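Asker: -6 is the number of the first residue of the sequence shown in my numbering; add one for each residue after it.
Got a structure here, written out as structure tokens. Questions coming.
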Amino acid sequence: MTHRAAVILAAGQGTRMKSPTPKVLHKVGGRALIDHAIDVAEGLGCQRIVVVLSAGAPEVREHVAARLGQGAIAVQDPPLGTGHAVLAAQAALADFAGEVVVTLADSALLTPEAVAPLFELRAAGADVAVLGFHATNPLGYGRLIVQGDRLIRIVEEREANAEERAVSACNSGVLAAGAGLLFELLGKVGCDNAKREYYLTDVVGLAAKAGKSVRAAFAKEEVFQGVNSQAELAVAEAAFQRRRRAELMESGVTLPAPETVFVSWDTEVAPGVLVEPNVVMAPGVRIEDGAVIRSFSHLEGAVVRSGAIVGPFARLRPGADIGEHAHIGNFVEVKKVAVGQGAKANHLAYLGDGTVGAGANIGAGTIFCNYDGFDKYETHVGEGAFIGSDTALVAPVTVGAGAYTGSGSVITKDVAPDALALARGHQVEKPGWAAAFREKKRREKAGQ
Ligand code: UD1
Ligand code: CA
-6 MTHRAAVILA AGQGTRMKSP TPKVLHKVGG RALIDHAIDV AEGLGCQRIV
44 VVLSAGAPEV REHVAARLGQ GAIAVQDPPL GTGHAVLAAQ AALADFAGEV
94 VVTLADSALL TPEAVAPLFE LRAAGADVAV LGFHATNPLG YGRLIVQGDR
144 LIRIVEEREA NAEERAVSAC NSGVLAAGAG LLFELLGKVG CDNAKREYYL
194 TDVVGLAAKA GKSVRAAFAK EEVFQGVNSQ AELAVAEAAF QRRRRAELME
244 SGVTLPAPET VFVSWDTEVA PGVLVEPNVV MAPGVRIEDG AVIRSFSHLE
294 GAVVRSGAIV GPFARLRPGA DIGEHAHIGN FVEVKKVAVG QGAKANHLAY
344 LGDGTVGAGA NIGAGTIFCN YDGFDKYETH VGEGAFIGSD TALVAPVTVG
394 AGAYTGSGSV ITKDVAPDAL ALARGHQVEK PGWAAAFREK KRREKAGQ
């Protein structure tokens, strides 16, 4: 297989986002745009990936370095156009002789499948292959000027004449060529144009003039939905959600109101799972077969195992691991707790840091008191234990298997297996007190 490298252009300022967060760190489906772009490059089998950044983007730099290492970063300073940006990656690819695919960093909807036709053209002998699309409104895009099946040049909106502007075939910004040819042609690109920029698109005309084979492949317009503003970010998110919901339903997940269910890039839901209306799944969620996620639940970083029922109105936070056939009911929050098989916490509880054994029953109002303002401590509830309603379990604490805690108890010491722990005031009863009190009050008021 050909060695393949990706150059991802991300040196734009993203000023139209009007956000202190750099554009490519904005998220779609819970994943940063730059990571979506890197995912595509990886999906295309690129052994080398270079991300071109501007000098003033420390957060993006850190983000990319954490995933791909410092060697994957090229800095373009100052940014002088897309062609200049690709040249900025040349040093990082100095020892690379395979083919290079250039992509833009601001689309969350691009997929490896959409780019694949480029490599088919390359495999069929194209020296330069450009990915295009037919735009409903081509305004602002570079136009693909073709002669028969040959691409002869790309003309940018600003340089295009009326006839060229009428062309609906547009440049997506994705292109592939051999590394040697690409950098050789880029060396010849000038900046004699409206923007005084070095246009990557000029390599197409140069290649055609040099008698190279230059071809265009086409993909659906929607995969190039770019993000330049907050409004466009929301449009991209909506398209991403539609796509993921359709994929989930196609795989056998039941979504009676798909438009109200929000998922993330990495959400895993097994076939046959029912996800009721109005559920949000932030990143890191896996739901196994036979589980039901009932309405108005919010899940993040959680596993829901086979046959478990979660919600309505449940909140699963990172580290929640809901065992097979366990029930997590309304207004129950679970964080970093493994809940055993068949265990139940049906109403109003906070379970944070610890474990709940198989078959245990957590009464309404149970709180794992896990935090003293400085550190977190664990609570362990044994198999088959019964935690009475409104029990405060002050961590670190362990309730043994099969033990009971009395309702309203504040449990500060470990409870032995099969014991009953009671930790609440004794009930005092004063016969007739209430009637006498009312009579006294009645007399006082009458006397006024
Ligand atoms: C570019 C293409 C155009 C295509 C369109 C698709 C050129 C000259 N034009 O136009 O044909 O239809 O994309 O969206 O290539 N960037 C850098 N460094 C720079 C300039 C840009 O890294 O110096 C990056 C930007 O961050 C962005 C991408 O390149 O991700 C595209 O740049 P942009 O200025 O938006 O190009 P367009 O004018 O939209
Ligand atoms: Ca653009």
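For each residue, glycine too, the CB sits at the ideal point set by N, CA and C.
In this text, all values refer to a predicted model and were calculated from it rather than measured experimentally.
(1) Using DSSP with H/G/I as helix, E/B as strand and the rest coil, what is H340?
(2) Quick check: is any heavy atom of ligand 1 less than 8 Å from the C-beta of Q69?
(3) Can you tell me whether DSSP reads Q441 as helix, strand or coil?
(4) When you measure from the CB of N154 to every non-hydrogen atom of ligand 1, does any distance come out below 8 Å?
(5) DSSP three-state label for F112, please.
(6) Please report the straight-line C-alpha distance between E269 and A231, rounded to a whole angstrom.
(7) Checking the sheet assignment: what are the DSSP bridge partners for Q69?
(8) Output the residue ranges of the beta strand (DSSP E) runs that lie fully inside the segment 155 to 225 and measure 3 residues or longer, sorted by chain position.
(9) Going straight from the alpha carbon of P249 to that of V262, what length do you get?
(10) Taking only heavy atoms of ligand 1 into account, decide whether any of them is closer than 8 Å to the Cβ of T129.
(11) On a Cα-Cα basis, can you pick out the residue from A101, P410 and F126 that is closest to G377?
(12) Where A394 and V374 are concerned, what is the direct C-alpha to C-alpha distance, given to the nearest angstrom?
(13) Rounding to the nearest angstrom, what Cα-Cα distance links R431 and P424 in this structure?
(14) Among residues of its own chain, excluding the 5 on either side of P264, which ones have a beta-carbon nearer than 8 Å to its beta-carbon?
(15) In this structure, does DSSP put L415 in helix, strand or coil?
(16) Closest by CA to L453, which one among S12, Y370 and L137?
(17) Rounded C-beta distance between L199 and K181? I'm assuming under 8 Å.
(18) At the level of alpha carbons, what is the spacing between H56 and Q63?
(19) Mapping the DSSP letters down to three states, classify K329 as helix, strand or coil.
(20) Per DSSP, which residues does E92 bridge with? Please list them.
Answerer: Quick answer:
(1) strand
(2) yes
(3) coil
(4) no
(5) helix
(6) Cα-Cα distance, rounded: 19 Å.
(7) Paired residues: S47.
(8) Listed in chain order, the complete beta strand (DSSP E) runs (minimum 3 residues) inside the segment 155 to 225 are 162 to 171 and 207 to 211.
(9) Rounded to whole angstroms, the gap between the alpha carbons of P249 and V262 is 15 Å.
(10) Result no, Cβ not under 8 Å from ligand 1.
(11) P410
(12) 7 Å
(13) 14 Å
(14) S244, G245, V246 and D282
(15) coil
(16) Residue 453 cannot be examined here, being either before or after the span of the chain that is shown, -6 to 441.
(17) 6 Å
(18) 10 Å
(19) In the structure shown, K329 adopts extended strand secondary structure according to DSSP, grouped into three states.
(20) In the DSSP assignment, E92 forms a beta bridge with R(-3) and G171.
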